[in-house]
Amino acid sequence: WLIGARVLQAAGGAVLMPTSLAILLAEFPARQRGIAVAIWSATGAVAAAAGPPIGGLLVQASWRWVFLVNLPIGLVTAVLAARVLSESRDPEGKRFPDLAGAAMLVLASTALMLAIVQGQSWGWTSIRMIGLIAGSVVLAAGFLYWSSRHPAPVLELALFRARGFRAANISGTLFFAAFGAMLLASVLFLTRVWRVDIVTAGLEIAPGPITAAAFAVPGSLLSRRFGERTVAAAGSLLFALAGIWWLGAAGLQPHYATEFLPGWIIGGAGVGLVIPTLASATAASLPASRFATGSAVYGMTRQFGIALGIAILIAVLGTPRAADVLPAFRTGWAVIVGLALASAIAATTIGRIRIEAVDTVTVPELKEAV
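Letter by letter, the sequence shown follows residues 7 to 376 of my numbering.
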């Protein structure tokens, strides 16, 4: 029952995030969308900062409160949304979703994540491992084939004709893989190596999201002046620098202010620059009629990246002996650095987008300045 409820909760989140961004984009003219997306991202960062310490307190009372607390929040949000938000519909929208495509995508992703997580324990050349990887490849190929022919696919492949959209999603997948891995690594390092309790760990992680919120709007302004690729690449480099900091500074004895906190401040600044910039670049690459679909695709790549990063980190850390704990985390941080650097490289291919054109073009006619 718990797993089933979590699936339903995840489905709700999968609908909520891209829909909220699509509604936001539709409410603002093209030149104001960058700031709007930055504020949207900043509110998410503030929520992320509040989540770990509040979650820690709830867990200490009872793990059930972690789930029950969402009920009143969801009800209040639903009532406010019905009264305040403007409804919008795609006149060309199809009635039925692509359930078969969604199932293939979920199964392909699940098989890949399971293969990564279990690689060391099962053996990378074992029959189970080969079967999982082969199954993931076949399902992914089938998903792409199906999506190219379905009238309303889960993944609208035509959107990737836009260079900015394609590059932003590739960069985003890599960045969110680094982000997901770093978030889990931070929690595990604080609780298992430095032996702090879960509430304290949440409070010690909170400065990162707070810094991200502080950098979101300035990052949007910088994007206007220097372009999305420059700001997104710079943010990814800052995130890589955070991993490099921990590689050199973090030790077995807890020294939060000098060893851990600087890394999260640097990494938080990178997050604040990257996330709203990539979201804005994704939207600016598409016509207004594709905001909802484009936001959903960006959300999908974000969640896939986070899941991929977590799976990679779990595989890297494994179950080390006490003497090998710090080297295992250093390997994990090195992987995070590599993912962030790859994201920075991908971000440089976004190009400079002509914002004034995006409200009038159709998908086959997507235009952008390189």
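By construction, the Cβ of each residue, glycine as well, lies at the ideal position given by its N, Cα and C atoms.
Query, Result
"Cutoff 9 Å: A287 Cβ touching any chain C Cβ", "Looking at the structure shown, chain C is missing, and only one protein chain is on hand."
"Cα-Cα separation, V343 to V65", "32 Å"
"L296 to L161 span [Cα, whole Å]", "The question names Leu, but residue 296 in the sequence shown is Arg. Between R296 and L161, the C-alpha separation is close to 12 Å."
"Beta-carbon proximity check, S92 vs I41, cutoff 9 Å", "no"
"N76, buried or exposed, once every other Cβ within 10 Å from all chains shown has been counted against 16", "exposed"
"The region 326-336 in contact with the region 70-90 per 3-pair CB rule at 8 Å", "no"
"N-terminal and C-terminal residue of the alpha helix (DSSP H) that L118 is part of", "105-128"
"Cutoff 7 Å; reference E234; Cβ partners in own chain excluding five residues on either side", "T283, S286, A287, I356, I359"
"Expected contact under 8 Å - CB spacing of G315 and G107 to nearest Å", "Wrong, their Cβ atoms sit about 24 Å apart, outside the cutoff."
"Straight-line Cα distance separating T206 from L190", "15 Å"
"Local Cβ density within 10 Å of R201, reported as buried at 16 or more and exposed below that", "exposed"
"Where G233 falls: helix, strand or coil (DSSP)", "coil"
"DSSP three-state assignment for I34, whether helix, strand or coil", "At residue 34 the sequence reads Phe, which differs from the Ile that was named. F34 falls in the coil class under three-state DSSP."
"Contiguous alpha helix (DSSP H) assignments of at least 4 residues, all confined to the region 216-269", "234-255"
"Under 9 Å between C-beta atoms of P213 and G129", "no"
"Helix, strand or coil at A212 [DSSP, three-state]", "coil"
"Backbone secondary structure at K373 - three-state DSSP", "In this predicted model, K373 has a pLDDT of only 43, less than 50, meaning its place in the structure is not dependable enough to derive any value."
"For G276 and A218, the rounded distance between their alpha carbons", "7 Å"
"For I139 and L120, the rounded distance between their alpha carbons", "9 Å"
"Close Cβ partners of F149 (< 7 Å) along its chain, the five nearest in sequence each way excluded", "G107, M110, L111, A114"
"Start and end residues, alpha helix (DSSP H) containing S154", "S154 -> no alpha helix (DSSP H), and no H or E assigned at all."
"S226 versus A44: straight-line alpha-carbon distance, rounded", "6 Å"
"Beta-carbon proximity check, F266 vs F195, cutoff 9 Å", "yes"
"Three-state secondary structure (DSSP) of L165", "helix"
"Environment of L14 [buried if 16+ CB atoms lie within 10 Å]", "exposed"
"8 Å CB neighbourhood of R230 in its chain, flanking five on each side removed", "G40"
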